[in-house]
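Top to bottom, those sequences are chains P and L. Quick note: the working numbering has the first sequence finishing at residue 1209, numbered continuously throughout. Quick note: the working numbering has the second sequence finishing at residue 123, numbered continuously throughout. What follows is a set of notes on a single structure, which appears directly below.
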Amino acid sequence: DQQVKQNSPSLSVQEGRISILNCDYTNSMFDYFLWYKKYPAEGPTFLISISSIKDKNEDGRFTVFLNKSAKHLSLHIVPSQPGDSAVYFCAAWTGTASKLTFGTGTRLQVTL
Amino acid sequence: KAGVTQTPRYLIKTRGQQVTLSCSPISGHRSVSWYQQTPGQGLQFLFEYFSETQRNKGNFPGRFSGRQFSNSRSEMNVSTLELGDSALYLCASSLARGGTEAFFGQGTRLTVV
């Protein structure tokens, strides 16, 4: 049972444009949502998070939007840079279980 | 400040053997979690250790086990290896239980042949 879903396995965006990565979830008990970035042969690196009581969090070029009624969140990267090319994982966290539930990842390629 | 260190980085084992992976968390971090990453499955939660006790366990068979030492270092053991156990095993550390921001190591790539 995949509680966190990333339905797009890959995304290609031109440098300078906006990248939008999407994530859907089924468990309304999640307290926090996080995005991680992963390069090959490295562990995931924390990027940005959002509390379930918020609908937007911004950090530089990265903004995460949360739509609780739709159980959907998205990560916007503006402007996209070649160094952003990586696999992005959406994750959700529950305080009661104290564990992260990850999506299957979206591979972002930023082209010149 | 050193990050999360996992050893070894790469490992090749034969079916039926057992393997032990090691994880040293960030200094001061007391919570260690383990994840398995396979193509198409994302990161699957294995277990979490805090203060030398397993606090949470994912949906994996009993062949997967772990422990945590008093210095917060953790080991994960897989017995009777199967081909399907081939994966990247990632360790993450957090300052305390319930830490929403987990810091990951580079992982151990296990190949079972």
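Beta carbons are placed, not taken as given, at the ideal position from N, Cα and C, and that holds for glycine. Owing to the predicted nature of the structure, the values given are computational and were not obtained by experimental measurement.
Less than 9 Å between the C-beta atoms of residue i and residue j, yes or no?
i, j, result
"residue 1122 (chain P)", "residue 1189 (chain P)", "yes"
"residue 57 (chain L)", "residue 76 (chain L)", "yes"
"residue 1203 (chain P)", "residue 1108 (chain P)", "yes"
"residue 112 (chain L)", "residue 1197 (chain P)", "yes"
"residue 1184 (chain P)", "residue 1209 (chain P)", "no"
"residue 30 (chain L)", "residue 85 (chain L)", "yes"
"residue 1116 (chain P)", "residue 1130 (chain P)", "no"
"residue 1142 (chain P)", "residue 74 (chain L)", "no"
"residue 80 (chain L)", "residue 39 (chain L)", "no"
"residue 47 (chain L)", "residue 89 (chain L)", "no"
"residue 1201 (chain P)", "residue 1128 (chain P)", "no"
"residue 1165 (chain P)", "residue 1149 (chain P)", "yes"
"residue 53 (chain L)", "residue 1186 (chain P)", "yes"
When you compare the CB of residue i with every CB in chain L, is at least one pair closer than 9 Å?
i, result
"residue 1196 (chain P)", "yes"
"residue 1178 (chain P)", "no"
"residue 1101 (chain P)", "yes"
"residue 1202 (chain P)", "yes"
Measuring only between beta-carbons, confirm whether residue i sits less than 9 Å from chain P.
i, result
"residue 7 (chain L)", "Nothing about residue 7 (chain L) can be reported from this structure: the residues present for chain L run from 11 to 123 only."
"residue 65 (chain L)", "yes"
"residue 31 (chain L)", "no"
"residue 102 (chain L)", "yes"
"residue 150 (chain L)", "Past the edges of chain L, shown from 11 to 123, lies residue 150 (chain L), and the structure says nothing about it."
"residue 16 (chain L)", "yes"
"residue 58 (chain L)", "yes"
Just to make sure I have the definition right: I need the residues of chain P whose C-beta is within less than 7 Å of the C-beta of residue i. Which are they?
i, result
"residue 53 (chain L)", "1186 and 1199"
"residue 117 (chain L)", "1140"
So which residues on chain P does residue i lean against when the C-beta distance must stay under 9 Å?
i, result
"residue 114 (chain L)", "1133, 1135, 1139, 1140, 1141, 1142 and 1143"
Can you list the residues of chain P that residue i reaches, using a CB-CB cut of under 8 Å?
i, result
"residue 85 (chain L)", "Those do not exist, as residue 85 (chain L) stays about 17 Å from chain P at its closest Cβ, beyond 8 Å."
"residue 50 (chain L)", "1201"
Taking a cut of 8 Å between CB atoms, which residues from the segment 1142-1161 of chain P lie near chain L? 1142, 1143 and 1146
To test your reading of the DSSP string, which unbroken alpha helix (DSSP H) runs of 4 or more residues are found completely within the segment 23-94 of chain L? none
Cβ-based contacts, 8 Å cut-off: residues of the segment 68-94 of chain L near chain P: 68
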